[in-house]
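Structure record follows, encoded as structure tokens.
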């Protein structure tokens with residue numbers, strides 16, 4: 009299963025809007041087939057592994073990170089192919105969150121006489137596909153709010169001024185997060201202060217360019233900005249105005265762009281994983297609206313003091329009413345550290361208030 013999980017990771021950047029999946033076929037203690045899913049190659053990981061295994065698949069054990077599908081979509085059902093290959097046993101990491109499968113794939117295999125074991129390395133498998141689970145259930149992307157802060161919770165010195173806070177180790181993690189994401193969202197405050205590129209600079213190949221999303225209610229995006237000058241059909245501006253090129257118009261919430269509508273539109277564009285890298289206004293609107301599923305906060309061992317900008321502009325009663333993060337993890341990153349946690353259970357019934 010560890011090998012299958014590693015194969016699944018090879019699908020990061022290549023599998024969406026499908027899940028990342030890895031599969032390994034073992035016969036008499038020897039690996040005879042391996043496969044991962046790449047969207048453009050169509051075949052699911054199980055099919056790739058079974059084809060590589062050939063005749064030795066009969067009587068073998070198939071290890072797969074996600075429950076085999078039992079319906080016809082872009083391809084036929086994997087359960088049928090597994091049965092026809094003569095596989096004797098299937099070891100699965102997790103149930104497919106897709107309602108069209110949701111346990112039925114495992115049930116069909118059992119009904120056909122195969123031995124089925126579920127839940128092996130389940131937590132790792134679920135983490136790999138938390139964005140797919142969120143999107144397949146809500147048709148909206150998993151939203152991760154990422155920020156770099158000082159120990160006293162400041163993200164910048166003064167409005168309109170670029171501030172470098174965290175070190176190289178933290179920045180490397182951010183790039184890996186961008187590589188795993190389908191889109192990154194920011195606001196005009198960040199554009200005017202930092203003039204960021206917001207690109208995936210890992211050097212790793214990917215199927216779709218990272219979509220760079222700018223929330224700009226008044227269409228003030230400077231034509232000389234880096235994000236405009238580097239655009240190659242990978243920048244979209246969400247505005248309440250009705251003009252421009254590569255601009256998506258959405259309803260206003262007060263005088264600002266309605267972020268819930270933005271996230272809904274990104275979901276319709278098959279964006280499964282959205283990172284917010286923005287300033288206090290956008291961060292506050294996303295948090296106050298209950299739109300953030302996950303937080304990843306990078307802390308530098310410094311203090312900024314008075315005058316620095318906070319992580320988010322939130323109402324005064326947020327502390328007493330706001331949700332707490334769960335499933336917390338602490339990461340050491342050189343001199344920095346990061347806190348990771350979730351507001352929502354992406355595998356449970358969550359964000360019902362966000363459904364259209």
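Numbering (our numbering), first residue to last: 9 to 364.
The C-beta atom is built at its ideal place from N, Cα and C for all residues, glycine as well.
Host beta strand (DSSP E) of residue i (start-end)
i: residue 44; result: 38 to 44
i: residue 30; result: 30 to 35
i: residue 240; result: No beta strand (DSSP E) contains residue 240, which DSSP labels as neither H nor E.
i: residue 156; result: 150 to 157
i: residue 257; result: 255 to 257
i: residue 365; result: Missing from the structure shown is residue 365; the chain here goes from 9 to 364 and no further.
i: residue 300; result: Here residue 300 belongs to no beta strand (DSSP E), and DSSP marks it neither H nor E.
i: residue 26; result: Taken as a continuous stretch (DSSP letters only), residue 26 belongs to no beta strand (DSSP E), as it is neither H nor E.
Status (buried if at least 16 other CB within 10 Å, exposed otherwise) for residue i
i: residue 127; result: exposed
i: residue 75; result: buried
i: residue 63; result: exposed
i: residue 24; result: buried
i: residue 317; result: buried
i: residue 123; result: exposed
i: residue 272; result: buried
i: residue 226; result: exposed
i: residue 58; result: buried
i: residue 327; result: exposed
i: residue 105; result: buried
i: residue 178; result: buried
i: residue 19; result: buried
i: residue 311; result: exposed
i: residue 53; result: buried
Residue span of the alpha helix (DSSP H) that contains residue i, given as start and end
i: residue 183; result: 176 to 188
i: residue 90; result: 86 to 93
i: residue 351; result: Segment: none, residue 351 is in no alpha helix (DSSP H) and carries neither H nor E.
i: residue 290; result: 288 to 296
i: residue 135; result: 130 to 136
i: residue 17; result: 10 to 17
Reduced DSSP secondary structure (H/G/I, E/B, other) of residue i
i: residue 344; result: strand
i: residue 358; result: Its pLDDT being 46, under 50, residue 358 is placed unreliably by the model, and the measurement read from it follows with that caveat. In this structure, residue 358 counts as coil in the three-state DSSP scheme.
i: residue 68; result: coil
i: residue 163; result: strand
i: residue 146; result: helix
i: residue 55; result: helix
i: residue 123; result: strand
i: residue 206; result: coil
i: residue 49; result: helix
i: residue 199; result: helix
i: residue 117; result: helix
Just checking, does the region 325 to 336 make contact with the region 347 to 357 on the three C-beta pairs under 8 Å criterion? yes
Would the region 135 to 142 count as touching the region 79 to 89 if we require 3 or more Cβ pairs under 8 Å? no
Can we say the region 167 to 182 touches the region 263 to 274, given the rule of at least three CB pairs closer than 8 Å? no
Contact the region 152 to 167 vs the region 26 to 34: 3+ CB pairs below 8 Å: no
Would you check if the region 282 to 289 and the region 230 to 249 touch, i.e. whether three or more CB-CB distances between them fall below 8 Å? no
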